[in-house]
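The listed protein sequences correspond, in order, to chains S and U.
Per this note's numbering, the very first residue in the first sequence carries number 4; after that it's consecutive.
Per this note's numbering, the very first residue in the second sequence carries number 4; after that it's consecutive.
Number of protein chains: 2
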Amino acid sequence: MTKVAACQVAPLLGDPAANRELVADAVSDAAKQSAELVVLPELVSSGYMFRDQDEARASAEPADGQTLQLWGRLARDHGVVLVGGFCEAGPTGELYISSAIVDPSGTRAIYRKAHLWDQERLIFSRGNARPPVVDTAIGRIATMICYDLEFPEWVRIPALAGADLLAAPVNWPTGAHVPDQVPTEVVRTQADSSVNRMAVVACDRAGVERGVEWVGGSVIVDSDGWILAGGSRTPSSQTLCADLDLTASRNKNVGGLSDIHADRRPDLY
Amino acid sequence: MTKVAACQVAPLLGDPAANRELVADAVSDAAKQSAELVVLPELVSSGYMFRDQDEARASAEPADGQTLQLWGRLARDHGVVLVGGFCEAGPTGELYISSAIVDPSGTRAIYRKAHLWDQERLIFSRGNARPPVVDTAIGRIATMICYDLEFPEWVRIPALAGADLLAAPVNWPTGAHVPDQVPTEVVRTQADSSVNRMAVVACDRAGVERGVEWVGGSVIVDSDGWILAGGSRTPSSQTLCADLDLTASRNKNVGGLSDIHADRRPDLY
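Below, the structure is given as structure tokens:
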């Protein structure tokens with residue numbers, strides 16, 4: 004079993020230094036709970052509700068900047084795999100909503116969000132590279148970000164590439180909801196898992212930012228699509244922990260002769 | 004608003020004549036509740052748990068057989084659109100798990116299950132044609148069957164073709180489940196709706212058959228992915244009814260500048 008954690012924290016808008024401290028504390032807390040994988044929210048380095056590109060640029064960092072340097076130290080000091088979202092300054096001035104997979108050896112992969120939500124497209128460039136799958140000490144870890152999860156074709160790519168677990172930094176703004184029903188953000192995350200037999204950890208954020216509130220629906224889903232922790236509307240900061248059997252993700256049998264990947268019909272789609 | 008119904012009945016294995024009566028009664032009951040669309044289970048003409056191909060063949064009928072003739076009369080007499088599953092005898096002796104879309108003008112489309120579950124592949128041939136989308140008096144209705152719903156690429160096809168509602172006959176056998184959580188069959192159905200803004204009605208069955216029980220999780224899901232009726236484990240016969248706004252399915256906006264279909268990246272998948 005692998006102990007995984009989602010640290011639903013409340014980053015401060017436009018304050019990367021404060022957010023580095025916030026993350027250092029959160030990872031330390033998760034490690035004290037024996038977490039081997041720690042997932043952080045989308046744009047945890049910077050906050051989310053930028054008014055314009057200049058404001059976002061002021062909080063952006065290159066992939067070898069102070070934030071990812073710190074995350075590398077945290078991964079090494081605590082012996083964990085860390086996946087989190089940051090505001091990336093690209094090499095030619097463009098900005099990306101990115102996710103990093105970091106382990107004790109350093110940054111293993113950077114992914115840039117390919118499906119931009121709402122006004123993100125006015126500030127950020129979209130990524131064009133497929134979600135990475137990184138072989139780590141605890142298993143094969145993939146990442147993508149928030150709205151990406153709503154495109155099952157995109158989720159299929161790392162799943163077919165053999166990912167055991169998809170670690171997804173998210174910022175799920177609150178919207179219409181129905182009392183007593185599982186938030187649809189969580190429902191879609193469960194389905195992403197279930198139709199691939201791939202565990203998924205989505206880490207949402209807390210903290211009202213320029214009037215925007217968040218679902219706070221961080222969730223740990225096993226490879227059958229069941230919720231192991233979280234998944235309800237919880238607007239405050241929280242650390243979720245659960246034990247996941249990542250070897251289960253390597254068996255795509257879903258009953259009798261049925262194999263959820265082999266039974267696909269790529270001749271038809 | 005459109006009143007839709009799912010008639011979760013218990014077909015008798017190997018008795019098409021009895022199952023025709025069962026369906027006639029169910030459709031009549033749904034019509035009394037003002038249903039304009041009635042969805043029936045997978046293989047409602049024949050039952051499911053065939054021991055071998057010979058047994059299935061004895062209950063199979065061509066698409067112009069007595070069962071679909073009756074369904075045409077029921078659609079005309081009650082002024083409804085009817086979608087149900089039947090055991091189809093193909094023109095050259097092959098068998099299919101099929102679904103028919105029938106309206107007062109008669110049979111509008113036949114669909115043959117493309118993804119065969121477990122031992123179905125030992126008895127039935129798989130269909131190779133895409134799910135049909137039929138323009139009816141109540142909107143554009145598509146159909147596919149049970150395990151097909153677990154392949155989001157397949158669900159995307161009728162959604163992109165403009166379906167307002169996907170009517171899915173299913174037979175969901177019981178498996179592992181977690182108390183107090185929504186059955187994963189239902190979760191996947193909600194996600195199918197949510198990532199396409201397309202209403203989905205899945206009609207499950209009742210009745211123990213050769214020791215096999217069914218989830219009884221028939222569900223009516225709106226185009227936002229919310230459950231309007233059903234969706235819990237209910238092994239007995241039941242008729243679900245709900246009012247659906249099918250015009251909502253034609254608006255793919257999911258917030259601000261976000262359009263769940265236009266935001267796809269077909270250049271990448």
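Just so you know, even glycine gets a beta-carbon here, dropped at the ideal spot from N, CA and C.
Bear in mind the structure is a predicted one, so any value in this text is a computation, not a measurement.
Legend entry - Selected residue, minimal CA-CA separation from residue 195 of chain U, among U/242, U/55 and U/166: U/166
Inset, instruction - Verify the CB distance criterion: does residue 245 of chain S have a CB-CB separation below 8 Å to chain U? - result: Judged by the 8 Å Cβ criterion, residue 245 of chain S is not in contact with chain U.
Legend entry - Closer than 8 Å to chain U by CB, residue 154 of chain S: yes
Inset, instruction - Using three-state DSSP, classify residue 88 of chain U as helix, strand or coil. - result: Correct three-state label for residue 88 of chain U: strand.
Legend entry - Run of the alpha helix (DSSP H) containing residue 21 of chain S, from where it starts to where it stops: 19–35
Legend entry - Proximity of residue 252 of chain S and residue 228 of chain S at Cβ, strictly below 8 Å: No.
Inset, instruction - Kindly give me the distance between the Cβ atoms of residue 240 of chain U and residue 11 of chain U, rounded to whole angstroms, as I take these residues to be in contact under 8 Å. - result: 6 Å
Legend entry - Whole-number beta carbon distance between residue 8 of chain U and residue 47 of chain U, since they are thought to touch under 8 Å: Not a contact, Cβ separation roughly 14 Å.
Legend entry - Distance, residue 85 of chain S Cα to residue 188 of chain U Cα: Their Cα atoms are separated by approximately 32 Å.
Inset, instruction - Output yes if chain S places a C-beta closer than 8 Å to the C-beta of residue 99 of chain U; else output no. - result: no
Inset, instruction - Could you confirm whether any beta carbon from chain U is found closer than 8 Å to the beta carbon of residue 267 of chain S? - result: Yes, because at least one Cβ of chain U sits closer than 8 Å to the Cβ of residue 267 of chain S.
Inset, instruction - Report yes or no: do the stretch 95–112 of chain U and the stretch 131–140 of chain U share at least 3 C-beta pairs separated by less than 8 Å? - result: Yes: the two stretches touch, three or more of their Cβ pairs being nearer than 8 Å.
Inset, instruction - Let me know the secondary structure DSSP gives residue 196 of chain S once reduced to three states. - result: helix
Legend entry - Residue closest to residue 172 of chain S, alpha-carbon to alpha-carbon, out of S/122, S/208, S/156 and S/224: S/208
Inset, instruction - Go ahead and label residue 75 of chain U buried or exposed: buried means 16 or more other beta carbons lie within 10 angstroms of its beta carbon, across all protein chains shown. - result: buried
Inset, instruction - Output the distance between the C-alpha atoms of residue 58 of chain U and residue 90 of chain U, rounded to the nearest integer angstrom. - result: 11 Å
Inset, instruction - For my contact list, residue 161 of chain U and residue 169 of chain U are in at a C-beta cut-off of 8 Å; report their separation, rounded to the angstrom. - result: So it is a contact: roughly 6 Å between Cβ atoms.
Inset, instruction - Buried or exposed for residue 95 of chain U, please, with buried defined as at least 16 other CB atoms from any protein chain shown within 10 angstroms of its CB. - result: Residue 95 of chain U should be labelled exposed.
Inset, instruction - Go ahead and pull the three-state DSSP assignment for residue 240 of chain S. - result: coil
Legend entry - residue 246 of chain S versus residue 100 of chain S - alpha carbon distance: 29 Å
Legend entry - Amino acids of chain S, ordered along the chain, whose beta-carbon sits closer than 7 Å to that of residue 118 of chain U: 266 and 268
Legend entry - Where the beta strand (DSSP E) containing residue 101 of chain S begins and where it ends: 98–106
Legend entry - Contacting positions in the stretch 47–68 of chain U - beta carbon closer than 9 Å to chain S: For the stretch 47–68 of chain U, which is checked against every Cβ of chain S, not one residue is closer than 9 Å.
Legend entry - According to DSSP, residues forming a beta bridge with residue 138 of chain S: S/143
Legend entry - Cutoff 8 Å: residue 168 of chain S Cβ touching any chain U Cβ: No, no contact with chain U.
Legend entry - Presumed contact (8 Å Cβ cut-off) between residue 64 of chain U and residue 141 of chain U, rounded CB distance: Wrong, their Cβ atoms sit about 26 Å apart, outside the cutoff.
Inset, instruction - Pick out whichever of U/97, U/202, U/34 and U/98 has its Cα sitting closest to the Cα of residue 79 of chain U. - result: U/34
Legend entry - Backbone secondary structure at residue 211 of chain S - three-state DSSP: coil
Inset, instruction - Could you name the residues of the stretch 221–241 of chain S whose beta carbon sits closer than 8 Å to any beta carbon of chain U, in the order they occur along the chain? - result: 227, 228, 229 and 230
Inset, instruction - Between the Cα of residue 218 of chain U and those of U/212, U/199, U/238 and U/122, spot the shortest distance and give me the residue it belongs to. - result: Measuring C-alpha to C-alpha distances from residue 218 of chain U to each of U/212, U/199, U/238 and U/122 identifies U/238 as the nearest.
Legend entry - Neighbouring residues, chain U, relative to residue 124 of chain S (Cβ below 7 Å): 260
Inset, instruction - Answer with buried or exposed for residue 182 of chain S, where buried requires no fewer than 16 other C-beta atoms within 10 angstroms of its C-beta. - result: Residue 182 of chain S should be labelled exposed.
Inset, instruction - Give the DSSP-derived three-state secondary structure of residue 114 of chain S in the structure shown. - result: strand
Inset, instruction - Would you mind working out which of S/250, S/216 and S/242 sits nearest residue 225 of chain S, comparing C-alpha positions? - result: Here the closest residue by C-alpha is S/250.
Inset, instruction - Just the C-alpha distance for residue 68 of chain S and residue 118 of chain U, rounded to the nearest angstrom, thanks. - result: 48 Å
Legend entry - Endpoints, beta strand (DSSP E) assigned at residue 170 of chain U: Counting along the chain, the beta strand (DSSP E) containing residue 170 of chain U begins and ends at 168–172.
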